[in-house]
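To start, the structure under review is shown below, and the notes come after it.
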Amino acid sequence: MTIMNARPSVWSLSDSDLDVLLGLIDGGANVGLANPNYLRLLQYALPSRKINVSGIGNSRLDELRIATFAGTVMTSCGHQVLLIFNEYAVMDNGEGCDGGQIVHSKMQLEDGGCIVNDRPLQLMGEQNIVPMT
266 MTIMNARPSV WSLSDSDLDV LLGLIDGGAN VGLANPNYLR LLQYALPSRK
316 INVSGIGNSR LDELRIATFA GTVMTSCGHQ VLLIFNEYAV MDNGEGCDGG
366 QIVHSKMQLE DGGCIVNDRP LQLMGEQNIV PMT
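Structure representation (structure tokens):
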């Protein structure tokens with residue numbers, strides 16, 4: 266029998282980790298978007314699925330494949346943590362296109378058990394993500 270600690274962990278990441286790995290948390294997005302230049306592409310979804318994305322400025326991204334990505338970050342406590350991002354659309358057209366940074370769906374993170382505190386610090390918010398462990 267394994268007994269797990271039911272308390273959530275709060276990890277603090279360095280500013281350089283946050284700039285690339287966290288990208289943007291979008292409360293209106295219903296899918297995450299990942300760039301293979303910033304996260305390691307682990308596996309495409311099987312069976313293969315594609316989506317079309319609109320609402321990013323005036324642009325539209327068509328036929329983005331769904332995949333699983335991973336990234337590592339160093340916490341402020343000195344622990345290296347592996348983060349897995351399932352069901353993210355791949356922002357790369359296969360021709361070396363940069364595609365932009367990462368967009369995380371707030372709904373998708375919360376559905377995965379995270380608590381997303383996205384209220385700004387200036388408005389008495391916490392501005393962090395608490396993963397369930």
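Position 106 of the sequence shown, counting from 1, maps to 371 under this note's numbering, and the rest follow consecutively.
Cβ atoms here follow ideal geometry from the backbone N, Cα and C, with glycine treated the same way.
Which of helix, strand or coil DSSP assigns to residue i
{"i": "E391", "result": "coil"}
{"i": "L329", "result": "strand"}
{"i": "M372", "result": "helix"}
{"i": "L347", "result": "strand"}
{"i": "L289", "result": "strand"}
{"i": "L304", "result": "coil"}
{"i": "L386", "result": "helix"}
{"i": "A299", "result": "strand"}
{"i": "I243", "result": "Outside the displayed range of the chain (266 to 398) lies residue 243, so it cannot be described from this structure."}
Within 7 angstroms, strictly: CB atoms of residue i and residue j
{"i": "I367", "j": "Y309", "result": "no"}
{"i": "S370", "j": "N295", "result": "yes"}
{"i": "E375", "j": "N382", "result": "no"}
Expected contact under 8 angstroms - CB spacing of residue i and residue j to nearest Å
{"i": "V355", "j": "P301", "result": "7 angstroms"}
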